[in-house]
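**Q** Under our numbering, the first residue of the sequence shown carries the number 91, and numbering increases by one thereafter.
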Amino acid sequence: MKLTEKEQALLDGKHGLGIKKAMEILVALGRIYEAKEMVPVTSAQIAGVSYKNIGDPGLEFLADWANQDARVHIPAFMNPAGIDRQLWRQLGFPETFAQKQIEIIEVLKRMGVRATLTCTPYHIGIVPQKGEHIAWSESSAVSYTNSVLGARTNREGGPSALAAAFCGRTPRFGLHLHENRLATHRVLVKCKLESSADFGLLGYLVGKKAGNGIPFFQGIDLPENESERTTCLKALGAAMAASGAVALYHIESFTPEAIVYGERIVKPNAMTIEVKSANNDRAPLASNYPITQLPNYMTVSLDEARIALNHEGNQIDLVTLGCPHASLEELKEIAEIIGNHKLKKPLWIASSAIVREQARAKGVVDEIENAGGGVLADTCMVVAPLEEMGIKYIATNSAKAVTYLPSHQGAIVHFGTTEQCVQAAIKGQF
Ligand code: F3S
91 MKLTEKEQAL LDGKHGLGIK KAMEILVALG RIYEAKEMVP VTSAQIAGVS
141 YKNIGDPGLE FLADWANQDA RVHIPAFMNP AGIDRQLWRQ LGFPETFAQK
191 QIEIIEVLKR MGVRATLTCT PYHIGIVPQK GEHIAWSESS AVSYTNSVLG
241 ARTNREGGPS ALAAAFCGRT PRFGLHLHEN RLATHRVLVK CKLESSADFG
291 LLGYLVGKKA GNGIPFFQGI DLPENESERT TCLKALGAAM AASGAVALYH
341 IESFTPEAIV YGERIVKPNA MTIEVKSANN DRAPLASNYP ITQLPNYMTV
391 SLDEARIALN HEGNQIDLVT LGCPHASLEE LKEIAEIIGN HKLKKPLWIA
441 SSAIVREQAR AKGVVDEIEN AGGGVLADTC MVVAPLEEMG IKYIATNSAK
491 AVTYLPSHQG AIVHFGTTEQ CVQAAIKGQF
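#1: For arginine 121, does the count of other Cβ atoms within 10 angstroms reach 16, so buried, or fall short, so exposed?
#2: Label tyrosine 123 either buried or exposed according to how many other C-beta atoms from any shown protein chain fall within 10 Å of its C-beta, with 16 as the threshold for buried.
#3: Around the C-beta of asparagine 157, are 16 or more other C-beta atoms found within 10 angstroms, so that it is buried, or is it exposed?
#4: Grab me the residues of lysine 92's own chain with a C-beta within less than 7 Å of its C-beta, minus the 5 sequence neighbours each way, in chain order.
#5: Does the beta-carbon of lysine 434, which I'm using as the reference point, lie nearer than 6 Å to any heavy atom of the ligand SAM?
#6: In whole angstroms, give me the CA-to-CA distance for lysine 220 and tyrosine 234.
#7: Is any beta-carbon of chain B found at less than 7 Å from that of leucine 283?
#8: So within the region 321 to 405, which uninterrupted alpha helix (DSSP H) runs reach at least 4 residues, ignoring any that extend past its ends?
#9: Please report the distance separating the alpha-carbon of glutamate 539 from that of valine 365.
#10: Just grab the DSSP bridge partners of glycine 464 for me.
#11: Rounding to the nearest angstrom, what Cα-Cα distance links glutamate 478 and glutamate 269 in this structure?
#12: Candidates Pro249, Lys110, Ile428, Ala254: which alpha carbon is nearest aspartate 75's?
#13: Looking only at DSSP bridge pairs, what is proline 261 linked to?
#14: Considering just the uninterrupted stretch of the beta strand (DSSP E) at cysteine 413, what are its terminal residues?
#15: Do you know how far the Cα of methionine 168 is from the Cα of tryptophan 155?
#16: Just list the residues that DSSP pairs isoleucine 484 with in beta bridges.
#17: Is glutamate 423 buried or exposed, if buried means 16 or more other CB atoms sit within 10 Å of its CB?
#18: May I ask you to check if the CB of valine 358 is nearer than 6 Å to at least one heavy atom of the ligand F3S?
#19: Does the region 184 to 202 come within contact of the region 135 to 143, defined as at least 3 CB pairs closer than 8 Å?
#20: Is the distance from the Cβ of valine 473 to the Cβ of lysine 142 below 7 Å?
#21: Looking at alanine 440 and the ligand F3S, is the gap between the Cβ and the nearest heavy atom below 6 Å?
#22: When you measure from the CB of proline 286 to every non-hydrogen atom of the ligand F3S, does any distance come out below 6 Å?
#23: Is valine 472 near the ligand F3S, in the sense that its beta carbon is under 6 Å from a heavy atom of that ligand?
#24: Skipping 5 residues on each side, what residues in its chain have a beta carbon closer than 7 Å to that of isoleucine 164?
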């Protein structure tokens with residue numbers, strides 16, 4: 091791998107031991123993936139923040155690095171942690187867990203990482219441009235920024251994203267290269283998607299089939315309203331990254347690279363996935379490809395995914411929304427659905443501290459709190475210590491959360507639309 095003079099100096103420890111360690115990680119990754127050189131990156135998003143995920147070994151690792159004077163050289167910001175820094179006591183989060191979590195956040199802050207603590211940085215003004223090289227690590231954020239914004243990032247691990255933040259570069263391989271951004275799967279959506287939950291279901295199905303491939307969607311009717319569209323696209327990407335490892339997708343005539351390259355963004359030997367639903371199958375797609383003659387052809391059903399993601403029964407301990415972290419518009423929508431009702435079961439909506447403050451200023455947080463719900467910042471249902479708090483039956487509108495909650499929290503899950511989930515909190519059962 092070819093290094094510039096400056097990069098060689100970083101590797102030789104001329105800028106301190108912390109930077110040397112970071113450069114060693116980047117060079118090792120570059121060698122493994124046969125990168126020819128480094129590429130400068132403009133921002134880093136750091137996952138592996140929750141004490142639930144990284145525990146004491148992770149905290150020690152970060153503290154050691156900080157003690158070696160490692161400091162970020164580009165804007166870097168944190169993924170959600172295991173607590174809401176304002177509300178953890180009020181919500182009954184365990185004290186020892188919270189203290190450890192605060193230590194982790196402080197160590198990262200000492201290294202210059204901003205405590206944004208969100209998986210939707212694009213809702214708080216961090217919006218990479220098309221073609222910009224970045225090093226982000228949370229899978230749904232990676233998917234959104236690669237696909238919808240057209241920026242370029244691999245799905246970094248926490249340490250490699252930090253290393254990139256310290257050195258301002260990352261090895262040029264994978265999704266930093268155009269030839270690796272071509273679609274491996276053509277997805278023909280032959281049913282109507284009626285809610286963001288449906289986009290999540292679609293993502294769940296496609297992620298299972300595509301694995302770490304790159305889908306090219308045709309036939310999706312995107313909402314005209316921009317904020318609704320964003321909600322749907324982040325649900326789609328988050329689910330594909332959870333049930334599979336999809337880090338990039340294209341949508342015909344919509345996403346930046348699909349617009350520029352058209353059909354050329356799809357590999358000639360791409361597999362075809364047809365998505366159906368018993369309720370609303372539609373007429374053939376406007377762009378009429380000779381799909382049934384293709385050898386690599388499979389059909390999946392939205393209805394089967396809905397059944398697979400839903401546990402029987404109607405018991406709930408908690409309804410949780412905001413995976414990925416909610417936007418201001420989503421919070422408003424939820425407050426509207428609640429209306430004058432009082433909630434019989436807790437409803438937690440995860441978001442960032444910045445969006446919560448915006449919502450508070452507009453009275454939206456009060457509306458939700460007055461009904462008995464809460465807007466949580468800095469954390470989410472997957473990385474908070476829910477299991478330790480005795481929460482078992484959870485309803486959510488997120489196909490990503492439904493994929494992870496059973497394994498991460500030992501939870502029994504119900505999946506529905508935002509409306510169904512809020513109604514479940516109002517009625518006290520799903
Ligand atoms: Fe974000 Fe947590 Fe979901 S990090 S995407 S809210 S699992």
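The beta-carbon is built from N, C-alpha and C at its ideal position, and this holds for glycine as well.
In this text the structure is predicted, and so the values were computed from the model without any measurement.
**A** This is what the structure holds:
#1: Walking along the sequence shown from the start, residue 121 turns up at place 31. Around the Cβ of arginine 121, a 10 Å sphere holds fewer than 16 other Cβ atoms; the residue is exposed.
#2: One-based indexing of the sequence shown puts residue 123 at position 33. Exposed, by the Cβ-count rule.
#3: Residue 157 sits at position 67 when you count from the first residue of the sequence shown. Classification of asparagine 157: exposed, given that the 10 Å Cβ count is below 16.
#4: Translated into the one-based positions of the sequence shown, residue 92 becomes position 2. Around lysine 92, the same chain offers Lys126, Glu127 as residues with beta carbons nearer than 7 Å, after the five sequence neighbours per side are excluded.
#5: Absence of the ligand SAM from the depicted structure is noted, with the ligand F3S being the only ligands included.
#6: On the sequence shown, residue 220 is found 130 positions in, with the first residue counted as 1. On the sequence shown, residue 234 is found 144 positions in, with the first residue counted as 1. Near 12 Å, if we compare the C-alpha coordinates of tyrosine 234 and lysine 220.
#7: Chain labels in this structure do not include chain B; a single protein chain is all it has.
#8: Runs of the alpha helix (DSSP H) lying entirely within the region 321 to 405, each at least 4 residues long, are 346 to 351, 392 to 398 in chain order.
#9: Beyond the ends of the chain as shown, which are 91 and 520, falls residue 539; an answer cannot be given.
#10: As a working note, residue 464 is residue 374 in the sequence shown. Under DSSP, glycine 464 takes part in a beta bridge, and its partners are Trp438.
#11: Position 388 of the sequence shown holds residue 478. Position 179 of the sequence shown holds residue 269. Whole-angstrom Cα-Cα distance: 45 Å.
#12: A question about residue 75 goes unanswered here, because the residues of the chain that appear run from 91 up to 520.
#13: Sequence index remark: in the sequence shown, residue 261 carries index 171 (1-based). In the DSSP output, where bridge partners are listed per residue, proline 261 has Met128.
#14: On the sequence shown, residue 413 is found 323 positions in, with the first residue counted as 1. 408 to 416 is the extent of the beta strand (DSSP E) around cysteine 413.
#15: Position 65 of the sequence shown holds residue 155. Position 78 of the sequence shown holds residue 168. Roughly 16 Å between the two C-alpha positions.
#16: Translated into the one-based positions of the sequence shown, residue 484 becomes position 394. As DSSP reads the structure, isoleucine 484 sits in a beta bridge with Leu408, Val503.
#17: Stepping through the sequence shown from its first residue, residue 423 is reached at position 333. So glutamate 423 counts as buried.
#18: The residue you call residue 358 lines up with position 268 of the sequence shown. Note that residue 358 is proline in the sequence shown, not valine. For the ligand F3S, not one heavy atom lies less than 6 Å from the Cβ of proline 358.
#19: In short, these stretches touch, since the Cβ pair count reaches three.
#20: Here residue 473 refers to the residue found at position 383 when the sequence shown is read from its first residue. Here residue 142 refers to the residue found at position 52 when the sequence shown is read from its first residue. At a Cβ-Cβ threshold of 7 Å, valine 473 and lysine 142 count as neighbours.
#21: Translated into positions along the sequence shown, residue 440 becomes position 350. At least one heavy atom of the ligand F3S sits closer than 6 Å to the Cβ of alanine 440.
#22: Position 196 of the sequence shown, counted from the first residue, corresponds to residue 286. Going by the sequence as given, residue 286 is serine instead of proline. Not under cutoff, so the answer is no.
#23: Counting from one through the sequence shown, the residue named residue 472 turns up at place 382. Checking the Cβ of valine 472 against the ligand F3S gives yes.
#24: Mapped onto the sequence shown, residue 164 falls at position 74. Same-chain partners within the cutoff: Val131, Thr132, Ser133, Ala134, Ala255, Gly258.
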